[in-house]
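J.: Sharing a structure below in structure tokens format, with a few things to ask.
2 protein chains.
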Amino acid sequence: MRFITISRVLQQHRNKIQIQLRCHRHLHSVPNRPSVGIAFDIDGVILRGRSPIGDSPKALRRLYDYDADSGSLKIPYLFLTNGRGIPESRRASELSQLLGVNIDPIQIVQGHSPFKNLLTRFENELIVATGKGEPAVVMSEYGFKKAISLDEYASYFKNIDPLSPYKTWTTTQPCNEQKSSGFDVTSERVKAAFVVSDPVDWSRDIQVLCDILRSGGLPGEKSEHQPHMYFAADDLEYQAVFPSERLGMGAFRIALESIFNSIHHKPLKYTSFGKPNPFVFKNAESILMELNGIYKDTKSHSFKTLYMIGDNPSVDIKGARQAGHPWFSILTRTGVFRGKENHTYYPADKVVDTVADAVEFILRREAIA
Amino acid sequence: MRFITISRVLQQHRNKIQIQLRCHRHLHSVPNRPSVGIAFDIDGVILRGRSPIGDSPKALRRLYDYDADSGSLKIPYLFLTNGRGIPESRRASELSQLLGVNIDPIQIVQGHSPFKNLLTRFENELIVATGKGEPAVVMSEYGFKKAISLDEYASYFKNIDPLSPYKTWTTTQPCNEQKSSGFDVTSERVKAAFVVSDPVDWSRDIQVLCDILRSGGLPGEKSEHQPHMYFAADDLEYQAVFPSERLGMGAFRIALESIFNSIHHKPLKYTSFGKPNPFVFKNAESILMELNGIYKDTKSHSFKTLYMIGDNPSVDIKGARQAGHPWFSILTRTGVFRGKENHTYYPADKVVDTVADAVEFILRREAIA
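Just so you know, the protein sequences line up as chains F and B, in that order. Using our numbering, the first residue of the first sequence is number 920, and each one after it goes up by one. Using our numbering, the first residue of the second sequence is number 920, and each one after it goes up by one.
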């Protein structure tokens, strides 16, 4: 069931991108494009926290024909990253500022970006969204009409979180306008739950998600039907500012799944998007193709090589390896991976120190000036 | 190894109780005591949140000879409960106020009470304590000289919790006095971690505990030696104010254990105290014996019957059943269990509606006026 869903999602996503890209075409469409493309991971490759690493601004500027602000792309590239719970447009503008190049929202493929392709299924259904940032805003911008944050959802159920007296969270208070416009969450069943970005309040989120999932979408009720559960990513650990890796959304999924399976007689059913899922790489290929100015027949204009530059062997490299041709994996030593040689379990096609070295390698290999 | 530790702990605990009880003896020591005792669970049996349930104040008053404030105990009783991260003395005073009977700290056996018996092992070692309430205060009152809360511990390691910018926790700020009195946590290894009560900030606690446990006690370092890990309880769910059960410390343990085992090559080693561990019931028996005024030879003055009154089949009833003679289990319908008949997997010796019915049953069965 999982892969049927994903392939349907991919098709819908492609259709949408084609429509969106017709508006951006003039920015990127230049003849005689090389048949290569690049996907960059962000955290641990391009940035650590909010600081650029590995000479990343300079490396990115080398991918443009002239000036990075006004010039067109020499090599189409995008960012393949876990989301921060903010819309793609805002992330693009934030990255443009931090990196000094003009990044288009279409170049931002966040873990939660594919959620927009579930719109036909849940557009008018009650859905909950959780994670740092503004998860419900992200879902609303994708077009979901009845998206509510888990923060706000929990606030409608008194005492649902017994630990709340010990917390000083700032939550969005429920307001009457929302209730009167069809948001009566205390009587309507939740049809799907989305983990958009890394959850912040794990004890509350795990508790409320378990309540929703084992009650058929309405805490306190009884039903055998489990609402749909979607995760934007499944990375166990990632490189942030702290010297050693930090727990990611995959760790949250493990916690939720193992607790749910202990209190419920049927195991948790869920779908994880995000690297290393092969769907992500298929999706990236399709977007890079659009960026390359090829709209008509994707099959006859396939890429010679697509480069995945990442720091995490079990996510970036494993994903690119599983995706197979035309993906070529480059592992940097600026994040999760710090080894001298290659990674033992998920060896990359090439290991370099920094993202600048990776771009240098690609330009030389492709004989691009 | 686990049970060697526990039996040693039990012996040390008994010795301590005997010393403590000599001071309280006059309160409880009355001749011709019946050879029965009662252990009450609190949440879902005596209280829901802070409200008495099942006529509990009246039921408790029936256990005294005359007036509950000044009279002596007709039947020795204690509370066998998970802790709230506050010292036994404070919990006793809180319960006395809520229930209108004079409860002595010795009658409060919290999940974390047995931690005091690990004093000989960790008295002068750096230990971290987590959970709602004041976990480090609890440990300090037990005599641990270098107990620090995980809240404060985490504050010494910049960026250890990447989600902290999204939180507005009130944490104890590190202060120089503590550092100068031998608390240099950034260079000293943590020897043991204690989960005293239900953790509040799961994402931070799981992250920092994983850091401590896989680094040999100093985040960022490398060591094969895992510091000791103790949990005060292991209840998966419990009955709070919300209509359906809430996740307890056992759920937190499952989350920590499954994540730790995914990121580390050796499985987590830990010890869980609290019900249904048979140690808890042995310990309760020994305290009830002290309350009954028998100090000299515990073996020759064993109880005819000890009643465990609880609402949770998999914790209270399972525990009493595993403990065997002289335990007799009574299941109330005021908390986790709401069934008409008995529980399927952990049937109690007797099922009643409320704690008042349980006390009535005991008094009749023992022919006590």
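Don't be surprised by glycine CBs; every beta carbon is placed ideally from N, CA and C.
In this structure, does DSSP put B/Tyr983 in helix, strand or coil?
T.: Strand, per DSSP.
J.: Is the number of C-beta pairs between the segment 1187 to 1194 of chain B and the segment 1179 to 1197 of chain F that are closer than 8 Å three or more?
T.: Because the criterion of three Cβ pairs below 8 Å is not met, the segment 1187 to 1194 of chain B and the segment 1179 to 1197 of chain F do not touch.
J.: Which residues, taken in chain order from the segment 1182 to 1211 of chain B, show a beta carbon closer than 8 Å to some beta carbon of chain F?
T.: Listed in sequence order: Ile1182.
J.: If I'm right that B/Phe913 touches B/Pro1245 with Cβ under 8 Å, what's the distance once you round it to whole angstroms?
T.: Only positions 920 to 1288 of chain B appear in the structure, and residue 913 of chain B is not among them; the question remains open.
J.: Please list, in chain order, the residues of the segment 1069 to 1084 of chain F that have any C-beta partner in chain B closer than 7 Å.
T.: Per Cβ criterion, the list reads Asn1078, Ile1079, Pro1081, Leu1082.
J.: Could you give the first and the last residue of the continuous alpha helix (DSSP H) run that contains F/Ile1281?
T.: Taken as a continuous stretch (DSSP letters only), the alpha helix (DSSP H) holding F/Ile1281 covers 1274 to 1284.
J.: When burial is assigned at 16 or more other CB atoms within 10 Å of the CB, is B/Ser1106 buried or exposed?
T.: Counting Cβ neighbours within 10 Å, B/Ser1106 comes out exposed, since fewer than 16 surround it.
J.: When you compare each of B/Gly1052, B/Val955, B/Phe1247, B/Ala978 to B/Leu1018 by their alpha carbons, which one comes out closest?
T.: Among B/Gly1052, B/Val955, B/Phe1247, B/Ala978, the Cα nearest to that of B/Leu1018 belongs to B/Ala978.
J.: Smallest Cα separation from B/Leu1132: which of B/Tyr1061, B/Ser1233, B/Ile1046?
T.: Measuring from the Cα of B/Leu1132, the nearest candidate turns out to be B/Ile1046.
J.: Does the beta-carbon of F/Asp1120 have 16 or more other beta-carbons within 10 angstroms, so that it is buried, or is it exposed?
T.: It is buried - the Cβ of F/Asp1120 has at least 16 other Cβ atoms within 10 Å.
J.: Grab the span of the alpha helix (DSSP H) containing F/Ala1267 for me, first residue to last.
T.: No alpha helix (DSSP H) contains F/Ala1267, which DSSP labels as neither H nor E.
J.: Helix, strand or coil for F/Val1056 per DSSP?
T.: Looking at F/Val1056 - three-state DSSP - the assignment turns out to be helix.
J.: Against F/Gln1126, what residues of chain B qualify as contacts under a CB-to-CB distance less than 8 Å, listed in chain order?
T.: Simply Arg1165, Leu1166.
J.: By the criterion of Cβ-Cβ separation under 7 Å, what are the contact partners of F/Pro1162 in chain B?
T.: Simply Gly1139.
J.: Check distances from the C-beta atoms of the segment 1231 to 1265 of chain B to those of chain F and list, in chain order, the residues that come in under 9 Å.
T.: So the list is empty, because no residue satisfies the distance condition.
J.: Any idea which residues DSSP pairs F/Val1047 with across the strands?
T.: F/Val1047 is bridged to F/Ile1067, F/Ala1112.
J.: Helix, strand or coil for B/Gln1158 per DSSP?
T.: Coil at B/Gln1158, not helix or strand.
J.: Nearest to B/Ser1032 by alpha carbon, out of B/Glu1007, B/Glu1044, B/Phe1041?
T.: Ranking the options by Cα distance to B/Ser1032, first place goes to B/Glu1007.
J.: So, helix, strand or coil for B/Tyr1072, using DSSP?
T.: Correct three-state label for B/Tyr1072: helix.
J.: Skipping 5 residues on each side, what residues in its chain have a beta carbon closer than 6 Å to that of B/Arg1003?
T.: Cβ within range, chain order: Gly1052, Ser1116.
J.: To the nearest angstrom, how far is the alpha carbon of B/Val1255 from that of B/Ile1022?
T.: Cα to Cα, the separation comes out at about 25 Å.
J.: In three-state DSSP terms, what is B/Gln1029?
T.: Strand at B/Gln1029.
J.: Within the chosen definition, does the segment 1149 to 1162 of chain B reach the segment 1075 to 1086 of chain B through at least 3 CB pairs nearer than 8 Å?
T.: With a cut-off of 8 Å, the segment 1075 to 1086 of chain B and the segment 1149 to 1162 of chain B do not count as touching, because too few Cβ pairs lie within range.
J.: What do you get for B/Val1274, buried or exposed, if any count of 16 or more other CB atoms within 10 angstroms of its CB means buried?
T.: So B/Val1274 ends up on the buried side.
J.: What residues of chain B sit near F/Lys1051, judged by a beta carbon separation below 8 Å?
T.: Result: Leu1082, Tyr1085.
J.: How big is the Cα-Cα spacing for F/Arg980 and F/Val1020?
T.: Going by the C-alpha atoms only, they are around 7 Å apart.
J.: Helix, strand or coil for F/Asp974, going by three-state DSSP, please let me know.
T.: Note: F/Asp974 maps to coil in three-state DSSP.
J.: In chain order, what residues of the same chain have a beta carbon less than 6 Å from the beta carbon of B/Tyr1264, not counting five sequence neighbours either side?
T.: None.
J.: Contact between the segment 959 to 972 of chain F and the segment 992 to 1001 of chain F: three or more CB pairs below 8 Å?
T.: The answer is yes - the segment 992 to 1001 of chain F touches the segment 959 to 972 of chain F, with three or more Cβ pairs under 8 Å.
J.: By DSSP, does B/Asp1130 sit in helix, in strand, or in coil?
T.: Note: B/Asp1130 maps to helix in three-state DSSP.
J.: Consult DSSP for B/Ser1191 and reduce its assignment to one of helix, strand or coil.
T.: B/Ser1191: strand per DSSP, three-state reduction.
J.: Excluding five sequence neighbours on each side, which residues of the same chain lie with their C-beta closer than 7 Å to the C-beta of F/Phe1076?
T.: Excluding sequence neighbours, F/Phe1076 sits near Pro1138.
J.: Label F/His1144 either buried or exposed according to how many other C-beta atoms from any shown protein chain fall within 10 Å of its C-beta, with 16 as the threshold for buried.
T.: Label assigned to F/His1144: exposed.
J.: For B/Pro1162 and F/Asn1078, what's the separation of their Cα atoms in angstroms?
T.: Those two C-alpha atoms are separated by around 9 Å.
J.: Go through its chain and collect everything with a Cβ distance to B/Leu1282's Cβ below 7 Å, but skip five positions before and after it.
T.: Answer for B/Leu1282: Arg981, listed in chain order.
J.: For F/Arg1165, which of helix, strand or coil comes out of DSSP?
T.: Strand, per DSSP.
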